[in-house]
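These notes concern the structure reproduced below.
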Amino acid sequence: MIYFDNSATTKMFPEAVQSYQTVSEQYFGNPSSLHELGDVSSKLLKQARASIAQQLGVQSEEIFFTSGGTEGDNWIIKGTAFKKQYYGKHIITTRIEHSAVNHAMDFLEDLGFEITYLSVNKAGQVDLAELREALRSDTILVSIIALNNEVGVVQNLEAIGDILREYPTVHFHIDAVQTVGKMDLKLGPESRIDMAVFSSHKFHGPRGCGFVYVKRGKDVTPLIHGGGQEMNQRSGTENLPAIVAMAKAFRLVKESEQATQHQLKQLTDRLKQGLHQYEQITVFTPEEASAVHIVCFGIKGVRGEVVVHALEERDIYVSTTSACSSKSGGTSGTLSAMGFAPQVAETAVRISLTGSNTMAEVEQFLDVLDELYQNFDMIHSK
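With this note's numbering applied, the sequence shown corresponds to residues 3 to 384, in that order.
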């Protein structure tokens with residue numbers, strides 16, 4: 003089996019599985035309980051938070067545990083809107099966001115908030131001049147995906163941050179779900195980024211778990227109320243086994259981050275080289291400012307799901323674009339925003355790699371794709 007769908011989800015590290023099992027079996031106390039079992043669990047929770055914060059170069063009290071990326075994006079976007087609505091109701095985002103962000107924006111629009119959607123160029127980059135022009139006195143939030151999950155576009159966060167330094171009251175939120183181990187991300191007091199959302203299962207941790215970075219001094223209204231967990235920001239008994247396993251996976255990925263990025267760059271360079279030799283294949287992932295682990299392409303006249311299932315029959319697993327929205331039908335919103343026609347966008351296939359993938363797997367994939375390409379070409383020529 004060749005698994006090339008790591009932007010959808012990743013296989014848990016064995017070390018993370020072991021941590022999950024150990025905590026489940028031995029440290030099952032509620033962290034809020036006053037007895038010894040609760041105290042031990044509380045210390046494990048504190049250690050996990052400190053470990054993640056240290057890897058990111060931020061403070062422990064700036065890390066909040068959630069159920070994953072969707073909850074994190076919803077909390078930051080809606081929580082910021084509710085907190086700052088008396089200062090303004092204008093929010094800026096882009097046309098290439100994850101569905102969690104898009105639907106949160108739709109929800110707020112129904113409540114009377116005004117959403118400005120920035121366009122992107124053919125390489126998927128936000129127009130900085132357009133961003134500057136869109137900012138107003140009543141703007142309260144700018145929400146931009148750091149690394150696009152469909153085609154792998156990486157935004158110039160530093161340049162965006164430089165513009166936003168002129169607007170210190172505007173919260174700057176990034177969806178950082180795809181970034182862990184794949185790109186360098188600068189957070190902390192010197193960074194203009196105020197909030198960043200992460201999801202455990204994208205970096206070899208368990209599903210149903212994630213965390214959010216919220217810079218000290220940036221207030222967000224809680225959406226889940228109850229026992230006051232997570233510093234009164236996200237109530238509910240903490241999923242301690244998943245949190246500890248996530249912290250373990252995060253540390254392992256961060257420790258090998260530079261070596262992994264170098265390896266992935268070699269693999270995706272070879273994939274692009276192989277794909278570019280076919281006249282009827284379009285590589286949607288831009289050459290510059292793109293992720294080291296994603297290659298999105300399409301075969302002219304062949305719908306993406308046809309290619310996905312043809313590869314699946316040969317035990318190779320890829321996806322169309324976003325796994326979170328692929329079954330809902332329709333073409334990629336990202337590719338449409340980048341200027342590709344619907345009949346072109348519907349051909350999209352996404353390859354997404356991780357550190358365990360090899361050059362041998364890439365070569366095998368290219369051999370299989372060559373066979374499929376010849377078959378598709380034969381069908382079209384009839």
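Beta carbons: idealized from backbone N, C-alpha and C, even for Gly.
Which of helix, strand or coil does DSSP assign to residue i?
i: aspartate 177; result: strand
i: phenylalanine 286; result: coil
i: isoleucine 301; result: strand
i: isoleucine 4; result: strand
i: valine 144; result: strand
i: tyrosine 119; result: strand
i: alanine 198; result: strand
i: leucine 166; result: helix
i: threonine 68; result: strand
i: phenylalanine 213; result: strand
i: valine 128; result: strand
i: phenylalanine 90; result: First, the residue type needs correcting, since residue 90 is glycine and not phenylalanine in the sequence shown. If DSSP states are grouped into helix, strand and coil, glycine 90 belongs with coil.
i: phenylalanine 342; result: coil
Give me, in chain order, the residues of the same chain whose beta-carbon lies closer than 7 Å to that of residue i; leave out the 5 immediate sequence neighbours on both sides.
i: alanine 50; result: Ile245, Val246, Ala249
i: proline 170; result: none
i: threonine 2; result: Here the chain has residues from 3 to 384 only, and residue 2 is not among them.
i: glutamate 290; result: Ala125
i: lysine 13; result: His206
i: valine 364; result: Leu269, Arg272, Leu273
i: serine 358; result: none
Tell me whether the beta-carbon of residue i lies closer than 8 Å to the beta-carbon of residue j.
i: aspartate 317; j: isoleucine 65; result: no
i: phenylalanine 6; j: isoleucine 353; result: yes
i: glycine 126; j: proline 344; result: no
i: glycine 71; j: alanine 52; result: no
i: glutamine 87; j: lysine 256; result: no
i: valine 182; j: phenylalanine 109; result: no
i: leucine 120; j: leucine 133; result: yes
i: asparagine 8; j: histidine 295; result: yes
i: asparagine 151; j: histidine 100; result: yes
i: threonine 96; j: isoleucine 147; result: yes
i: threonine 336; j: glutamate 348; result: no
i: histidine 227; j: threonine 82; result: no
Excluding the 5 residues flanking residue i on each side, which residues of the same chain have their C-beta closer than 6 Å to its C-beta?
i: aspartate 221; result: Lys85
i: leucine 277; result: Ile283, Val285, Phe299
i: glycine 74; result: Thr68, Val199, Gly212, Val214
i: leucine 374; result: Ala312
i: alanine 261; result: none
i: serine 21; result: Val246, Ala247, Lys250
What residues in its chain sit with their C-beta under 8 Å from that of residue i, if we drop five residues either side in the sequence?
i: threonine 11; result: His203, Lys204, Arg209, Ala325
i: alanine 55; result: Gln61, Ser62, Glu64, Ile65
i: alanine 136; result: Ile94, Thr118, Leu120
i: isoleucine 79; result: Ile93, Val103, Ala106, Met107, Leu110, Leu143, Ser145, His175
i: aspartate 129; result: Leu120, Ser121, Val122, Asn123
i: phenylalanine 15; result: His206, Gly207, Lys250, Ala251, Leu254
Does residue i get closer than 8 Å to chain C when you measure Cβ to Cβ?
i: valine 156; result: In the structure shown, chain C cannot be found, because there is only a single protein chain.
By DSSP's criteria, residue i is part of a beta bridge. Which residues make up the other side?
i: serine 321; result: Arg352
i: serine 292; result: Val155
i: threonine 95; result: Tyr119
i: leucine 149; result: Val156
For a test of your reading of the model: does the CB of residue i fall under 7 Å from any non-hydrogen atom of the ligand GDP? Yes or no.
i: serine 201; result: As for the ligand GDP, it is missing from this structure, which has no ligand bound.
Which runs of the alpha helix (DSSP H) spanning at least 4 residues fall entirely within the stretch 215-269, listed in chain order? Segments of the alpha helix (DSSP H) lying fully in the stretch 215-269: 231-234, 242-257.
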